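Peer 1: What follows is a structure written as structure tokens; I'll ask about it next.
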Amino acid sequence: MSHWWEHAVVYQVYVRSFADANGDGLGDLEGLRGRLDHIAALGVDAIWMTPIYPSPQLDHGYDVADYFAIDPIHGDLAAFDRLVADANALGLRVLLDIVPNHCSREHPWFLEALAAAPGSDARARFYFRDGKADGSPPNNWRAIFGGSVWTPVGGDDPQWYLGTFTPYQPDLDHTHPDVDAMFADALRFWFDRGVDGFRVDATPPVGKTPGLPDAPPLAPGEFNPHTRFRPEGHEVWRRWRSVIDEYMATHPGRELMMVSEAYAPRRPDLMAEYVRPDEFHQCFAFDLLMSPWHGPSMRRALADAVEHVAAHGTWPTIALNNHDAQRIVTRLAHDGITSPDAWTGDNLRAAEGEVDLVVGTRRARAAAGLLLALPGSVYLYQGEELGLPEVLDLPDELRQDPVFANTGGDKKGRDGCRVPLPWTASPVGSHGFSVTEGDDVAEPWLPQPADWGRYAADTQVDDESSMLSLYRRLLAARRSHLGRSEPGTTALIDDHDDLIVLRRGDVLIVCNVGAGPVDCAAVAGRAPLLTTDPSGTRGGTVVDRDTTVWFS
Ligand code: NOJ
Numbered sequence: 007m008s009h010w011w012e013h014a015v016v017y018q019v020y021v022r023s024f025a026d027a028n029g030d031g032l033g034d035l036e037g038l039r040g041r042l043d044h045i046a047a048l049g050v051d052a053i054w055m056t057p058i059y060p061s062p063q064l065d066h067g068y069d070v071a072d073y074f075a076i077d078p079i080h081g082d083l084a085a086f087d088r089l090v091a092d093a094n095a096l097g098l099r100v101l102l103d104i105v106p107n108h109c110s111r112e113h114p115w116f117l118e119a120l121a122a123a124p125g126s127d128a129r130a131r132f133y134f135r136d137g138k139a140d141g142s143p144p145n146n147w148r149a150i151f152g153g154s155v156w157t158p159v160g161g162d163d164p165q166w167y168l169g170t171f172t173p174y175q176p177d178l179d180h181t182h183p184d185v186d187a188m189f190a191d192a193l194r195f196w197f198d199r200g201v202d203g204f205r206v207d208a209t210p211p212v213g214k215t216p217g218l219p220d221a222p223p224l225a226p227g228e229f230n231p232h233t234r235f236r237p238e239g240h241e242v243w244r245r246w247r248s249v250i251d252e253y254m255a256t257h258p259g260r261e262l263m264m265v266s267e268a269y270a271p272r273r274p275d276l277m278a279e280y281v282r283p284d285e286f287h288q289c290f291a292f293d294l295l296m297s298p299w300h301g302p303s304m305r306r307a308l309a310d311a312v313e314h315v316a317a318h319g320t321w322p323t324i325a326l327n328n329h330d331a332q333r334i335v336t337r338l339a340h341d342g343i344t345s346p347d348a349w350t351g352d353n354l355r356a357a358e359g360e361v362d363l364v365v366g367t368r369r370a371r372a373a374a375g376l377l378l379a380l381p382g383s384v385y386l387y388q389g390e391e392l393g394l395p396e397v398l399d400l401p402d403e404l405r406q407d408p409v410f411a412n413t414g415g416d417k418k419g420r421d422g423c424r425v426p427l428p429w430t431a432s433p434v435g436s437h438g439f440s441v442t443e444g445d446d447v448a449e450p451w452l453p454q455p456a457d458w459g460r461y462a463a464d465t466q467v468d469d470e471s472s473m474l475s476l477y478r479r480l481l482a483a484r485r486s487h488l489g490r491s492e493p494g495t496t497a498l499i500d501d502h503d504d505l506i507v508l509r510r511g512d513v514l515i516v517c518n519v520g521a522g523p524v525d526c527a528a529v530a531g532r533a534p535l536l537t538t539d540p541s542g543t544r545g546g547t548v549v550d551r552d553t554t555v556w557f558s
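If you're matching positions, the sequence shown starts at 7 in our numbering and goes up one per residue.
Take a look at the structure:
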């Protein structure tokens with residue numbers, strides 16, 4: 007039996023930056039609903055919304071204060087219901103983002119825990135521990151966004167609490183029955199409201215080694231084995247899967263799924279553990295997103311992604327962009343960065359040096375031509391279909407990502423890929439981001455660059471050579487020419503360092519990442535079906551540099 011998500015293309019909406027219906031400068035559900043036609047016209051299967059729950063917004067929703075409601079900045083449950091209805095009417099499924107590893111420090115449970123005594127049940131829903139005798143924290147674990155994972159409760163309280171990301175995102179202990187029960191209820195609550203599945207945030211740190219021992223010395227890029235990819239975490243996912251399976255058994259016709267967000271650079275074995283048959287339906291493979299424009303690195307990333315999950319009878323799940331990574335147009339805009347280590351291990355890192363957006367844009371087009379030819383599921387991030395570059399020159403005082411503050415500015419963070427979208431060439435309402443009448447429209451939460459209008463959806467829609475037209479063509483060709491494949495059957499042909507060559511049934515896809523044109527007569531020998539070159543196909547079997555051609 008086949009499932010809708012197996013070869014689905016999912017469009018990620020970073021709600022805060024998508025469209026703003028009430029003119030407060032922040033994206034909301036009504037704004038999204040008003041622009042659903044753009045997403046449907048692309049030809050994708052589903053949307054995934056980043057967290058929309060009540061939150062102090064210190065990590066823009068990834069600090070959840072209530073898993074059963076909508077943050078008033080985004081709307082309310084009635085607006086959510088309208089959105090789901092309209093999306094479904096346009097043929098789009100709806101995925102939510104759920105955050106199991108941590109909640110907000112303003113979640114009622116955490117406030118209760120702070121007020122309770124050491125050793126209390128309220129504290130057992132989190133990781134509260136005494137410090138060491140010398141006054142140092144309970145162990146040596148480091149936080150992902152900088153500093154120790156431990157924060158002292160303060161005052162006379164002898165305890166510290168653990169936050170894998172920041173002090174305002176305390177980790178939940180999933181061995182506590184309340185935690186388990188609350189997430190099971192949350193899944194069912196949103197399924198009852200029509201949601202088709204969840205992108206599950208930050209799965210590797212869920213579950214810790216009992217006793218929370220110190221981490222061993224770690225080489226750069228190595229992970230702390232006491233708080234990453236733990237068997238205790240996989241037990242949680244098996245319970246979640248049984249909630250989903252039970253829900254489907256009692257609600258015939260509903261086909262639900264969950265996708266795991268786990269960065270496991272060059273560890274496809276760890277990534278694949280998430281898609282064991284009783285765990286997730288999908289797990290993102292991020293090595294291609296973190297790969298430089300370099301044939302052997304990209305081929306390896308793809309082969310790893312396809313082969314390891316095929317062992318569990320399933321397909322890869324790949325994205326080239328998301329709200330945590332530098333946008334691809336800028337990421338690939340540096341000629342000559344070919345080291346396989348250029349990105350691996352630090353997806354937030356900005357490559358230094360000259361940015362050539364002409365080169366970056368050509369490569370982003372070629373990368374899209376490859377991505378949308380892949381078997382399995384593909385996730386797009388809002389704005390990649392517009393070819394938006396990373397905004398590199400945001401003034402430091404306007405940066406909001408905790409990564410920037412918590413690393414003392416050492417890492418610029420992720421604001422540059424989260425700048426509100428341009429919908430109209432006209433600058434009114436921040437290029438249509440804020441749908442507005444009158445003058446009382448707030449500035450967008452991050453400023454748009456002066457040339458944002460040239461990327462606007464309405465600038466591109468009738469231009470055959472635009473990124474938007476390319477995405478529409480690729481998605482249409484994916485639907486009409488690439489059928490369903492069995493897991494692991496996509497051939498990755500490995501006979502030229504600069505070419506990534508895929509065979510999908512009758513279609514041969516060739517992506518040239520090298521420095522010059524390559525005549526592919528030997529592998530292709532057929533007619534070009536489409537090219538990512540903005541000036542169209544040459545008609546023959548030559549594939550220019552930084553170009554993907556589909557041959558049929
Ligand atoms: C991964 C999310 O994608 C990211 O935006 C967030 O900051 C962390 N998880 C913490 O929840």
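Cβ coordinates follow ideal geometry from the N, Cα and C atoms, glycine included.
Bear in mind the structure is a predicted one, so any value in this text is a computation, not a measurement.
Between A527 and the rest of its own chain, which residues show a CB-CB distance below 6 Å, the 5 nearest in sequence each way excluded?
Peer 2: Answer for A527: T547, listed in chain order.
Peer 1: Let me know if N94 comes out buried or exposed under the rule of 16 or more other beta-carbons within 10 Å of its beta-carbon.
Peer 2: Exposed: under 16 other Cβ atoms inside 10 Å.
Peer 1: Does the Cβ of P60 have 16 or more other Cβ atoms within 10 Å, making it buried, or fewer, making it exposed?
Peer 2: Buried: at least 16 other Cβ atoms inside 10 Å.
Peer 1: Could you tell me if G422 is buried or exposed, where buried requires 16 or more neighbouring beta carbons within 10 angstroms of its beta carbon?
Peer 2: Buried is the call here.
Peer 1: At what residues does the beta strand (DSSP E) containing L535 begin and finish?
Peer 2: L535 -> beta strand (DSSP E) spans 534-537.
Peer 1: Going along the chain, which residues put their C-beta within less than 5 Å of some heavy atom in ligand 3?
Peer 2: Among the ligands in the structure shown, ligand 3 does not appear; only ligand 1 can be found there.
Peer 1: Taking only the alpha-carbon atoms, compute the straight-line gap between D293 and W147 and give it to the nearest angstrom.
Peer 2: Taking the straight line from one Cα to the other gives about 25 Å.
Peer 1: Of all the options A325, V365, R333, which has the alpha carbon lying nearest to the alpha carbon of H340?
Peer 2: Minimum Cα distance to H340 is reached at V365.
Peer 1: How long is the line joining the alpha carbons of F197 and R544, rounded to whole angstroms?
Peer 2: Rounded to the nearest angstrom, the two C-alpha atoms are 49 Å apart.
Peer 1: So which of K418, D202, Y17, Q466 has the shortest CA-CA distance to D251?
Peer 2: The shortest Cα separation from D251 among K418, D202, Y17, Q466 belongs to D202.
Peer 1: Taking the Cβ atom as the reference point for each residue, do L386 and C517 lie within a distance shorter than 8 Å?
Peer 2: No. Outside cutoff.
Peer 1: Between the Cα of G489 and the Cα atoms of R41, A379, L224, which residue gives the shortest distance?
Peer 2: For G489, the nearest C-alpha among the options comes from A379.
Peer 1: Going along the chain, which unbroken runs of the alpha helix (DSSP H) with 4 or more residues stay wholly within the segment 37-111?
Peer 2: Counting only runs of 4 or more, we get 42-48, 83-95.
Peer 1: Within 10 angstroms of the Cβ of V19, are there 16 or more other Cβ atoms? Answer buried if so, exposed if not.
Peer 2: The residue in question, V19, is buried, as its Cβ has 16 or more Cβ neighbours within 10 Å.
Peer 1: Might you give, ordered along the chain, the residues of its own chain that have their beta carbon closer than 8 Å to the beta carbon of M254, omitting 5 neighbours on each side?
Peer 2: Excluding positions up to five away in sequence, the list reads R260, E261, L262.
Peer 1: May I ask which residues mark the beginning and end of the alpha helix (DSSP H) holding V315?
Peer 2: Where V315 is concerned, the enclosing alpha helix (DSSP H) stretches over 301-316.
Peer 1: Based on Cα-Cα distance, which residue from P223, V549, G49 lies nearest to H3?
Peer 2: There is no way to answer for residue 3, as the model of the chain reaches only from 7 to 558.
Peer 1: Counting C-beta neighbours from all protein chains within 10 Å, is the total for G419 16 or more, i.e. buried, or is it exposed?
Peer 2: The residue is buried, with at least 16 neighbouring Cβ atoms inside 10 Å.
Peer 1: Between which residues of its own chain and L474 is the CB-CB distance below 7 Å, once the five residues before and five after are set aside?
Peer 2: Excluding residues within five positions, the ones whose Cβ falls inside 7 Å are E391, L392, A463, Q466, V467.
Peer 1: Check whether the Cβ atoms of L326 and L363 lie closer than 8 Å to each other.
Peer 2: Contact: no.
Peer 1: Could you tell me which residues DSSP puts in a beta bridge with Y387?
Peer 2: Paired residues: Q18.
Peer 1: Go ahead and pull the three-state DSSP assignment for W115.
Peer 2: The answer is helix: DSSP assigns W115 an H, G or I state.
Peer 1: Restricting to runs no shorter than 4 residues, where is the alpha helix (DSSP H) found entirely within the segment 230-280?
Peer 2: As far as the segment 230-280 is concerned, its whole alpha helix (DSSP H) runs of at least 4 residues are 237-256, 274-279.
Peer 1: Expressed to the nearest angstrom, what Euclidean distance is found between the alpha-carbon atoms of A85 and I499?
Peer 2: Taking the straight line from one Cα to the other gives about 48 Å.
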